[in-house]
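**Q**
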Amino acid sequence: MRRVAILGAGQSRFGKRTDVRLDELAWESFREAMVESGVTQRDIDSFIVSTLGGWSAEVLPAVVVGEYCGLTPKPTMRVEAACASGSAAVYQAYTMIASGHAEVVSVIGVEKMSESSTPTTVELIGRAGNYFWEFENYGMTFPAYYALYASSYMNRYGATEEDLALVAVKNHYYGSFNPKAHFQRRISVDDVMKSIYVADPLKLLDCSPITDGSATVILASEESVKKFTNEPVWIRGIGAASGTANLSKRDNFLGLEAARKAADDAYKQANIERPISKLDLVEAHDCFTIAEVMAYEDLRLVERGEGYKLIKEEQTYKGGKIPVNLSGGLKAKGHPIGATGVSMIGELSKQLLGRIGGERQADIKHGWALAHNVGGTGHYAYVTILSLDKNGDVL
Amino acid sequence: MQSLPGVSVSSEEIKKYVTEQFEARIRYSWTSGVAISRFLEGLKNKEIWGRKCNRCGRIVVPPRMYCEQCFRPNDEWVKLKDTGKVNTYSVAYVNADASRRKEPIIIAVIEIDGASPLMGILHYLGEVQPDDVRIGMKVKAVWKDERKGSILDIRYFKPIG
Chain A
5 MRRVAILGAG QSRFGKRTDV RLDELAWESF REAMVESGVT QRDIDSFIVS
55 TLGGWSAEVL PAVVVGEYCG LTPKPTMRVE AACASGSAAV YQAYTMIASG
105 HAEVVSVIGV EKMSESSTPT TVELIGRAGN YFWEFENYGM TFPAYYALYA
155 SSYMNRYGAT EEDLALVAVK NHYYGSFNPK AHFQRRISVD DVMKSIYVAD
205 PLKLLDCSPI TDGSATVILA SEESVKKFTN EPVWIRGIGA ASGTANLSKR
255 DNFLGLEAAR KAADDAYKQA NIERPISKLD LVEAHDCFTI AEVMAYEDLR
305 LVERGEGYKL IKEEQTYKGG KIPVNLSGGL KAKGHPIGAT GVSMIGELSK
355 QLLGRIGGER QADIKHGWAL AHNVGGTGHY AYVTILSLDK NGDVL
Chain B
1231 MQSLPGVSVS SEEIKKYVTE QFEARIRYSW TSGVAISRFL EGLKNKEIWG
1281 RKCNRCGRIV VPPRMYCEQC FRPNDEWVKL KDTGKVNTYS VAYVNADASR
1331 RKEPIIIAVI EIDGASPLMG ILHYLGEVQP DDVRIGMKVK AVWKDERKGS
1381 ILDIRYFKPI G
């Protein structure tokens, strides 16, 4: 297998983007990634588009994006793995390059959720899982699915709603420094506690928003990297796993087993034994506050039951043991489904190269970062590990 | 069917089983974006507008704000003619839901005069019999009296000269 690097990354402004169409939105991130990487359309062998869709009018988003971005007639496909679609698309591009099938592949994640009304979108997300056994009869929503995990976690480990709120407070804090974030306003624990219950114990401010946005990364083989950049970021591990469609068939509701398995696979590939002392930062899938707390544990940053203490001690802020979601996370940066995973990986590549700057720039001591991207309620999980170093360790 | 393994099931037999039904109620609000919004505004005034890139010289319609070939924002709005020629066409006898039409519609790709080659939009052809349509035929827009910024402010294109 050949080594694969990230040449450049881009992200559109996230938010309610009624000012642009799906293809124009995709172009915003594609253009930034192309400029950063120095790649032209001629250099690209294939482009993979990640979109969940259903709420947006285009049925074939890949070719719509391809035409607008000047990528026709390069081969393409849409990749879907629910909220982990973006990471799945990166995984697809990675395997194409690692196997020798392609040299340079562009991954474009884009989602235009505001083309449907909020009730429609909420209903469509609610169907993700097992339609008949979970949605048809009960009308479950996504907050309700994650609330099942929150209730179980709090009951077992003694975490409180205030503890979960701290995740939202942190992510909004970093979102306030991110000009591309959906929400750029700081909030307090009190704000979270006073927000309305969506699905007890989760309140409105425990939830990530419905967002429009796009993100692009451009990947290349080891052989092609030097044609374009002296500052590649290497993909050193991609772990992936799936979970049962029915929540009721999960072993427990304290963590996401798929995420744990994906993490262990990725750590093995990257030869990482003690992640908290090797990773400079993490982008975690905080679709709900409880999801970030479970991610701390699924990623083995701490032991089971210790996750909520990590945020309580502010150890996932910059300067703490392991900064998480300095982008603002899904909670504040926003969660345009198909773009989210691509955005995480692109953001981390810029972080490792010191290109974020300001309050959000992590201290890069080891040159390693991790993206944790979950689809559905643990239906899909992808963990991608990035490094400044191609083979061994930096520093 | 005889040669295939397994047991064939008729649609009557399927009705013996309990089925759940749901109706998808989806109403998309599709934004036109910057370039197409301006294009649609132009139609109110019986005008077709394209965008020109001063580097490669292409004039594109439908318009877009960036040149994907030169990789830069394009430069100016250009008013095109409301005439063009038929690139290809079809005579359609079914509606969007596959129901049969009494009278067919003629739909064509029309290259708009004043834009770069192969820059075209789909539209209806009218005032012409299906048998008389030819590729390369010159056509002109027939505008509605009441226009609201829609592609259907052009009722159809009709053959000229």
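Top line first, the protein sequences correspond to chains A and B.
So the first sequence is numbered by our numbering: it starts at 5 and just counts up by one.
So the second sequence is numbered by our numbering: it starts at 1231 and just counts up by one.
Cβ atoms here follow ideal geometry from the backbone N, Cα and C, with glycine treated the same way.
On a predicted model such as this, the values are computed, not experimentally measured, just so you know.
1) Exposed or buried, which one is A/C291 when buried takes at least 16 other CB atoms within 10 Å?
2) Within the region 15 to 52 of chain A, note down every full alpha helix (DSSP H) run reaching 4 residues or more, in order along the chain.
3) Using CA atoms only, rank isn't needed, just tell me which of A/D49, A/P213, A/T76, A/G380 is closest to A/Y153.
4) Using only the alpha-carbon positions, how far apart do A/Q96 and A/I52 sit?
5) Taking Cβ positions only, does A/W31 come closer than 8 Å to chain B?
6) B/C1286: buried (16+ other C-beta within 10 angstroms of its C-beta) or exposed?
7) So with Cβ pairs under 8 Å, would you call A/L136 a contact of chain B?
8) Show which residues of chain B have a CB atom less than 9 Å away from the CB atom of A/V24.
9) Give every residue of the same chain whose Cβ lies closer than 8 Å to the Cβ of A/M117, excluding the five residues on either side of it in the sequence, and list them in chain order.
10) According to the neighbour-count rule (16 or more other Cβ atoms, all chains shown, within 10 Å of its Cβ), is A/L399 buried or exposed?
11) Report all residues from its chain with a CB closer than 8 Å to the CB of B/V1372; omit the five preceding and five following residues, and keep chain order.
12) Taking only three categories from DSSP, how would you classify A/A203?
13) Which residues of chain B have a Cβ atom closer than 8 Å to the Cβ of A/Y2, listed in chain order?
14) Residues of chain B with CB under 9 Å from A/S60, in chain order?
15) If we count the other Cβ atoms within 10 Å of its Cβ and call it buried at 16 or more, is A/T55 buried or exposed?
16) Spatial neighbours of A/N141 within its chain, please: C-beta separation below 6 Å, excluding the five flanking residues on both sides.
17) Assuming contact is defined by CB atoms lying nearer than 8 Å, are A/S192 and A/V171 in contact in what I supplied?
18) With a threshold of 16 other CB atoms inside 10 Å of the CB of A/D210, please say whether the residue is buried or exposed.
19) Below 8 Å on the Cβ atoms is my guess for B/V1290 versus A/V24; work out the distance and round it to an integer in Å.
20) Grab me the residues of B/K1274's own chain with a C-beta within less than 6 Å of its C-beta, minus the 5 sequence neighbours each way, in chain order.
21) Please state whether DSSP places A/P183 in a helix, a strand or coil.
22) Let's see if you can read the secondary structure: which residues bound the alpha helix (DSSP H) around A/P123?
23) Using 8 Å as the limit for Cβ to Cβ distance, is A/T124 near chain B?
24) What does DSSP give as the partner residues of B/T1313 in its beta bridges?
25) I want to verify the contact list: residues of chain B whose CB lies under 7 Å from the CB of A/E28, in sequence order.
26) Going by Cα to Cα distance, which pick from A/E115, A/M38, A/V111 is closest to A/A86?
27) By the three-class DSSP mapping on this structure, what secondary structure does A/V328 have?
28) Alpha carbon to alpha carbon, what distance is there between A/A385 and A/E40?
29) With a threshold of 16 other CB atoms inside 10 Å of the CB of A/L334, please say whether the residue is buried or exposed.
30) Any beta carbon from chain A within less than 8 Å of B/F1301's own beta carbon?
31) Would you say B/E1253 lies against chain A (beta-carbon separation less than 8 Å)?
32) Starting from B/I1340, follow the beta strand (DSSP E) in both directions and report where the run begins and ends.
33) Which of the residues in the region 1276 to 1287 of chain B, read from start to end, lie with their CB under 7 Å from any CB of chain D?
34) To the nearest whole angstrom, what separates the beta carbons of B/I1390 and B/I1342, a pair I think is in contact under 8 Å?
35) Anything in chain A within Cβ reach of B/E1250, meaning under 8 Å, just list it in chain order.
36) Give the single residue among B/P1303, B/R1257, B/K1309, B/P1360 whose Cα lies nearest to the Cα of B/P1334.
**A** To lay it out plainly:
1) Here residue 291 of chain A corresponds to residue number 287 of the first sequence, with the count starting at 1. Under this definition A/C291 is a buried residue.
2) The region 15 to 52 of chain A contains these whole alpha helix (DSSP H) runs: 26 to 41.
3) The residue labelled residue 153 of chain A in the question sits at position 149 within the first sequence. Residue A/G380 is the option with its Cα nearest to A/Y153.
4) Looking up residue 96 of chain A in the first sequence gives position 92. Looking up residue 52 of chain A in the first sequence gives position 48. Spanning the alpha carbons of A/Q96 and A/I52 requires a straight line of approximately 8 Å.
5) Start at 1 with the first residue of the first sequence, and residue 31 of chain A comes out as number 27. True, the Cβ-Cβ gap to chain B drops below 8 Å.
6) The residue you call residue 1286 of chain B lines up with position 56 of the second sequence. When all chains shown are included, B/C1286 counts as exposed.
7) Taking the first sequence and counting its residues from 1, one reaches residue 136 of chain A at position 132. The sequence as given places Phe at residue 136 of chain A; Leu does not occur at that position. The beta carbon of A/F136 falls within 8 Å of a beta carbon belonging to chain B, placing the residue at that interface.
8) Against the first sequence, residue 24 of chain A aligns to sequence position 20. The answer, in chain order, is T1261, G1263, V1264.
9) Here residue 117 of chain A refers to the residue found at position 113 when the first sequence is read from its first residue. In the same chain as A/M117, and ignoring 5 residues on each side of it, the C-beta atoms closer than 8 Å to its own belong to W59, S60, T125, I214, T215, D216, P340, I341, in chain order.
10) Residue numbering aside, residue 399 of chain A sits at position 395 when the first sequence is read from its first letter. Residue placement at A/L399 is flagged as unreliable, the pLDDT there being 43, under the threshold of 50; the coordinate-derived value follows with that caveat. Classification for A/L399: exposed.
11) Taking the second sequence and counting its residues from 1, one reaches residue 1372 of chain B at position 142. So the list reads G1356, E1357, I1384, R1385, Y1386, F1387, K1388, once near-sequence residues are dropped.
12) Within the first sequence, numbered from 1, the residue matching residue 203 of chain A stands at position 199. When secondary structure is reduced to three states using DSSP, A/A203 falls in the strand class.
13) The first residue shown for chain A is 5 and the last is 399, placing residue 2 of chain A beyond what the model contains.
14) Residue mapping note: residue 60 of chain A aligns to position 56 of the first sequence, counting from 1. The contact set of A/S60 on chain B, defined by CB atoms closer than 9 Å, consists of Y1258, W1260 in chain order.
15) The sequence position of residue 55 of chain A within the first sequence is 51, counting from 1. A/T55 should be labelled buried.
16) As a position in the first sequence, residue 141 of chain A is number 137, starting the count at 1. For A/N141, where only same-chain residues beyond five positions count, there are no Cβ hits under 6 Å.
17) By one-based count along the first sequence, residue 192 of chain A stands at place 188. By one-based count along the first sequence, residue 171 of chain A stands at place 167. In this structure, A/V171 does not lie closer than 8 Å to A/S192 by Cβ.
18) For this step, residue 210 of chain A is matched to residue 206 along the first sequence. The residue is buried, with at least 16 neighbouring Cβ atoms inside 10 Å.
19) Reading the second sequence from its first residue, position 60 is the one you call residue 1290 of chain B. Reading the first sequence from its first residue, position 20 is the one you call residue 24 of chain A. Their Cβ separation, rounded to whole angstroms, is 17 Å, which puts B/V1290 and A/V24 out of contact at 8 Å.
20) Mapped onto the second sequence, residue 1274 of chain B falls at position 44. So the list reads R1377, G1379, once near-sequence residues are dropped.
21) Counting from one through the first sequence, the residue named residue 183 of chain A turns up at place 179. Coil, per DSSP.
22) Position 119 of the first sequence, counted from the start, is the residue given in the question as residue 123 of chain A. A/P123 -> alpha helix (DSSP H) spans 122 to 130.
23) Position 120 of the first sequence, counted from the first residue, corresponds to residue 124 of chain A. So yes, A/T124 belongs to the interface.
24) Here residue 1313 of chain B refers to the residue found at position 83 when the second sequence is read from its first residue. Partner(s): B/K1370.
25) For the purposes of this step, residue 28 of chain A is identified with residue 24 of the first sequence, where counting begins at 1. Annotation: Cβ neighbours of A/E28 in chain B (cutoff 7 Å, chain order): G1263.
26) Here residue 86 of chain A refers to the residue found at position 82 of the first sequence. When each option's Cα is compared against that of A/A86, the closest is A/E115.
27) What you label residue 328 of chain A is simply residue 324 of the first sequence in a count that begins at 1. DSSP places A/V328 in strand when its eight states are reduced to three.
28) As a working note, residue 40 of chain A is residue 36 in the first sequence. As a working note, residue 385 of chain A is residue 381 in the first sequence. In a straight line, the C-alpha of A/E40 is about 29 Å away from that of A/A385.
29) Translated into positions along the first sequence, residue 334 of chain A becomes position 330. A/L334 should be labelled buried.
30) Numbered from 1 along the second sequence, position 71 holds the residue referred to as residue 1301 of chain B. When Cβ-Cβ separations below 8 Å define contact, B/F1301 makes contact with chain A.
31) The residue labelled residue 1253 of chain B in the question sits at position 23 within the second sequence. Interface with chain A (8 Å Cβ-Cβ cutoff): B/E1253 is excluded.
32) Along the second sequence, read from residue 1 onward, the residue named residue 1340 of chain B stands at position 110. For B/I1340, the enclosing beta strand (DSSP E) covers residues 1330 to 1342.
33) Reference to chain D is not applicable here, since the protein chains of this structure are A and B.
34) Here residue 1390 of chain B refers to the residue found at position 160 when the second sequence is read from its first residue. Here residue 1342 of chain B refers to the residue found at position 112 when the second sequence is read from its first residue. At roughly 14 Å, the Cβ-Cβ gap does not stay under 8 Å, so B/I1390 and B/I1342 are not in contact.
35) In the second sequence, residue 1250 of chain B corresponds to position 20, counting from 1. Ordered by position in chain A, the residues that pass the 8 Å Cβ test against B/E1250 are F136, E140.
36) To locate residue 1334 of chain B, count along the second sequence from 1; it is residue 104. For B/P1334, the nearest C-alpha among the options comes from B/P1360.
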